[in-house]
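Right, one structure below, let's go through it.
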Amino acid sequence: MRAILQKRALRWVFTANVISMLGSGMNSAAVAWYILQATHSEMALGTFAVLQTIPAMLMLPFTGVFIDREDRRRLVMTLDAARALVILLVCLLAFAGKVKVWELYLMNTLVAAGFWMFWPTITALIQELTPGEEFVHANTFLLAGIQGGWLIAGSIVGFAYNHIGLGGVLLIDCSTYLVSFLCYFAVR
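1357 is the number of the first residue of the sequence shown in the numbering used here; add one for each residue after it.
Put into structure tokens, the structure is as follows:
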């Protein structure tokens, strides 16, 4: 594990993922709470969950071909920037008090589509940056970081949502994508 952390590029990748997963975890929980509060409907909340999986079913059979043709570092940066922009637009609506549930559904679906393209891309980037015998350890470290980001998010999102609202949580998520983008920019 120490050998993996000695690689500068991998440290940036791991840092980017922990930070962006922190924001993503907060986003998911806050949006779910908002939808439940706004609609008082378990069906609306279920729709939110279903819309996260539809992009995976539609995209995953085709993503490998696309990823193999693109510069992976540039692709993860583009995906981070695109997801940040989508979230920022909805964040501004939330701060203005004008966000609608359907807009949250659309944001959720677009961000999920970005995630389902991002996940195989980041795995391929890790493989590209890691010698073969260290790939399993590097991938394990990546997964641990992702879970760590979600765990931290779960421990603070309730407090954040109660104090800064949906708009504030979405702004945090947008900011984590920006930090992640900058981390990938440092990967060489």
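Glycine included, each C-beta is placed from N, C-alpha and C at the ideal position.
Rounded to the nearest angstrom, the gap between the Cα atoms of residue 1421 and residue 1486 is 21 Å. Excluding its 5 nearest sequence neighbours in each direction, residue 1517 has C-beta neighbours in its own chain below 7 Å: 1386, 1389, 1525, listed in chain order. The stretch 1524-1540 and the stretch 1444-1460 touch, with three or more beta-carbon pairs separated by less than 8 Å. Looking only at 1520, 1488, 1461, 1503, the smallest Cα-Cα distance to residue 1401 is reached by 1461. Between the stretch 1403-1410 and the stretch 1502-1509 there are fewer than three inter-stretch CB-CB distances shorter than 8 Å, so the stretches are not counted as touching. Only residues of its own chain outside the window of five on either side were considered, and among them 1455, 1459, 1460, 1463, 1526 have a CB closer than 7 Å to the CB of residue 1446, listed in chain order.
Per DSSP, the continuous alpha helix (DSSP H) segment holding residue 1470 begins and ends at 1457-1485. By the neighbour-count definition (other C-beta atoms within 10 Å, threshold 16), residue 1514 is an exposed residue. Per DSSP, residue 1408 is one residue of the alpha helix (DSSP H) stretching across 1398-1425.
In this structure, DSSP gives residue 1358 a helical state, which the three-state scheme calls helix. Residue 1482 and residue 1359 have their C-alpha atoms spaced approximately 14 Å apart.
Per DSSP, reduced to three states, the secondary structure at residue 1510 is helical. Separation of residue 1542 and residue 1443 (C-alpha to C-alpha, rounded to the nearest whole angstrom) is 23 Å.
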